[in-house]
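Residue numbers (this note's numbering): 244 to 461.
C-beta: ideal position from N, C-alpha, C; glycine also.
As the structure is a computational prediction, the values presented were derived from the model and not from experiment.
These notes are about the structure you will find just below.
Okay, structure coming up:
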């Protein structure tokens with residue numbers, strides 16, 4: 244289990260983690276790609292590592308929508324995360340409009356190709372990158388992607404990775420789902436859709452709902 248809280252809680256959780264009987268790893272919701280420099284308001288990967296982070300989310304749809312993060316920016320962050328020897332949780336997914344227009348495959352392909360541009364096969368490793376399929380139309384809408392569709396999207400993403408690198412590489416990396424995940428639908432993404440995990444958003448803010456989600460996939 245990886246917890247990705249707001250930055251202000253990372254230090255506290257890092258201390259808690261050391262004496263906790265609950266096993267979890269720490270992750271960050273964002274990062275900046277430069278190690279040093281005058282970048283007011285940003286947080287660097289060395290800072291995150293010092294706080295005990297092992298994972299960093301990159302390319303989340305809200306970062307793309309509200310902060311104008313392009314595929315090129317995602318690529319810079321992804322390279323920096325890998326170079327810092329942390330694990331990137333790379334988010335990809337289409338909007339409702341793109342889905343309605345039949346552009347899902349095109350969008351996912353473009354996001355993935357541009358995100359991993361100039362990242363060698365040896366660096367695209369299971370310990371370096373995890374891909375999260377998070378359809379934008381399903382986030383916070385109580386309209387999650389059904390398990391069969393999630394499975395199809397998972398196969399599509401693995402096909403794209405296979406075309407870029409190789410089939411063995413496409414079968415090894417971890418693929419997870421995010422988008423209105425709750426206790427009553429979580430297990431299906433693992434057992435029916437064959438995915439490797441979940442990116443839980445809004446449900447993680449409710450302790451009872453979050454605990455139910457965890458228990459449902461144990």
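| Item | Value |
| --- | --- |
| Same chain, Cβ closer than 7 Å to residue 257, neighbours up to 5 away in sequence not counted | 269, 294, 295 |
| Short Cβ contact (8 Å threshold) for residue 378 with residue 364 | no |
| Residue interval of the beta strand (DSSP E) (run including residue 431) | Premise fails: residue 431 lies in the alpha helix (DSSP H), 429 to 434, not in any beta strand (DSSP E). |
| Cβ separation of residue 334 and residue 368, assumed to be a contact under 8 Å, to the nearest whole Å | Wrong, their Cβ atoms sit about 19 Å apart, outside the cutoff. |
| Which of helix, strand or coil DSSP assigns to residue 332 | strand |
| CA nearest to the CA of residue 252, picked from 265, 266, 271, 262 | 271 |
| In chain order, each beta strand (DSSP E) run of at least 3 residues that lies wholly inside the stretch 250 to 335 | 268 to 271, 296 to 301, 330 to 335 |
| Cutoff 6 Å; reference residue 445; Cβ partners in own chain excluding five residues on either side | 383 |
| In DSSP terms, what residue 245 is bridged to | 268 |
| Secondary structure, beta strand (DSSP E): runs of 3+ residues fully inside the stretch 362 to 387 | 372 to 376 |
| Whole-number beta carbon distance between residue 401 and residue 413, since they are thought to touch under 8 Å | 4 Å |
| Neighbour flag for residue 411 against chain B, beta carbons, 8 Å | As a matter of chain content, chain B is missing from the structure shown, which is built from one protein chain. |
| Candidates 277, 423, 278, 438: closest to residue 386 by CA position | 423 |
| Pick from 407, 404, 431, 321 that is closest to residue 391, judged by C-alpha positions | 431 |
| Backbone CA spacing between residue 315 and residue 274 [nearest angstrom] | 15 Å |
| Residue closest to residue 250, alpha-carbon to alpha-carbon, out of 292, 277, 331, 376 | 292 |
| Endpoints, alpha helix (DSSP H) assigned at residue 418 | Element bounds for residue 418: not the alpha helix (DSSP H) but the beta strand (DSSP E), 417 to 420. |
| Distance CB(residue 351)-CB(residue 403) smaller than 8 Å | yes |
| Proximity to residue 361 [Cα-Cα], best of 336, 326, 349, 376 | 326 |
| Environment of residue 313 [buried if 16+ CB atoms lie within 10 Å] | exposed |
| For residue 393, the first and last residue of its enclosing alpha helix (DSSP H) | 390 to 407 |
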